[in-house]
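K.L.:
One structure follows; several queries about it will come next.
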Amino acid sequence: ALEFLNRSPLAWRRRLVKHFIMASTGAGGIVVTMKGLAASDGAGVLSMRRVKRSFESAFAGLPSPAVFGGETPLVVTRARNYTARDMPEFLSAAGLPASAVSLYLSRALPVALNLRAPLVPMTCVNGVGVPTPEKLVYWDGDVDKDPEVLHGDGDGVVNLASILALDAVFGEDPGQRGCYRSIKMANTTHIGVVSDAFAVERLVHEILEAGRANQTCVLPTAGHWPLRI
């Protein structure tokens with residue numbers, strides 16, 4: 006939805022989008038996606054892994070180097086570590102063909118690096134305080150096997166780094182400033198944001214508040230604040 010908005014004319018967005026609300030969504034991908042692309046399901050030609058790897062969308066959730074950087078290892082093996090900047094090398098090591106790596110470099114990565122504010126009133130609602138896969142350890146280097154998973158903060162799926170990047174990319178954009186709100190609900194899971202009774206009540210409250218806030222929210226006509234590596 007965000008990419009659709011950003012590819013639409015600004016005048017169209019301003020006219021038709023009263024308020025944009027994102028729930029359980031980060032700004033820089035998630036570590037667990039790397040595990041899903043690497044793991045084998047042992048089904049041969051019927052392998053779901055083969056199916057997943059054939060879709061461009063399979064790479065959309067990979068950790069962005071603009072958010073996770075090039076210093077923090079996300080995958081650890083005896084031979085080497087892989088950061089978000091090493092994603093092409095990791096995909097090759099995971100057995101993906103050169104065509105898939107090329108698809109990541111030409112399609113998914115540019116979209117991730119071009120993440121920007123939609124320049125319409127918006128609210129982001131996320132859970133935090135839940136153990137979330139943050140690092141995958143393959144001691145023998147075989148990514149077909151289940152890794153040892155080290156956890157950090159997040160909503161159980163989306164990493165805290167990706168959640169906080171929303172504030173940096175959207176909240177600090179001069180064209181979005183004053184028309185951005187970020188809600189972080191403690192000890193709330195990825196699904197819980199839209200299923201737990203207390204979280205749904207808060208989400209509905211934010212939707213109602215967003216409608217009222219639009220009366221005073223005035224967006225300037227400014228350029229985007231770029232997401233830089």
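Residue numbers (the working numbering): 6 to 234. Just so it is clear, CB atoms sit at the ideal spot from N, CA and C, and this is done for glycine as well.
Is there at least one non-hydrogen atom of the ligand ATP closer than 6 Å to the beta-carbon of valine 162?
P.N.:
With respect to small molecules bound, the structure shown includes none, and the ligand ATP cannot be examined in it.
K.L.:
With burial defined as no fewer than 16 other Cβ atoms inside 10 Å of the residue's Cβ, what is the status of glycine 216: buried or exposed?
P.N.:
exposed
K.L.:
If you compare alpha carbons, which of Ala202, Leu42 and Gly157 is closest to methionine 92?
P.N.:
Cα-wise, what sits closest to methionine 92 is Leu42.
K.L.:
Exposed or buried, glutamate 139, counting other C-beta atoms within 10 Å across all chains shown (16 or more means buried)?
P.N.:
buried
K.L.:
Given this structure, state the Cα-to-Cα distance separating asparagine 86 from isoleucine 212, to the nearest angstrom.
P.N.:
42 Å
K.L.:
Return the CA-CA distance between isoleucine 188 and valine 130, expressed in angstroms with no decimal places.
P.N.:
5 Å
K.L.:
Taking C-alpha atoms, which residue in Val81, Arg121 and Val205 lies nearest to glycine 31?
P.N.:
That would be Arg121, whose Cα lies nearest to the Cα of glycine 31.
K.L.:
Since arginine 186 is in the alpha helix (DSSP H), which residue starts that stretch and which ends it?
P.N.:
For arginine 186, no alpha helix (DSSP H) encloses it; the enclosing beta strand (DSSP E) starts and ends at 185-191.
K.L.:
Spatial neighbours of proline 14 within its chain, please: C-beta separation below 8 Å, excluding the five flanking residues on both sides.
P.N.:
Around proline 14: no qualifying Cβ.
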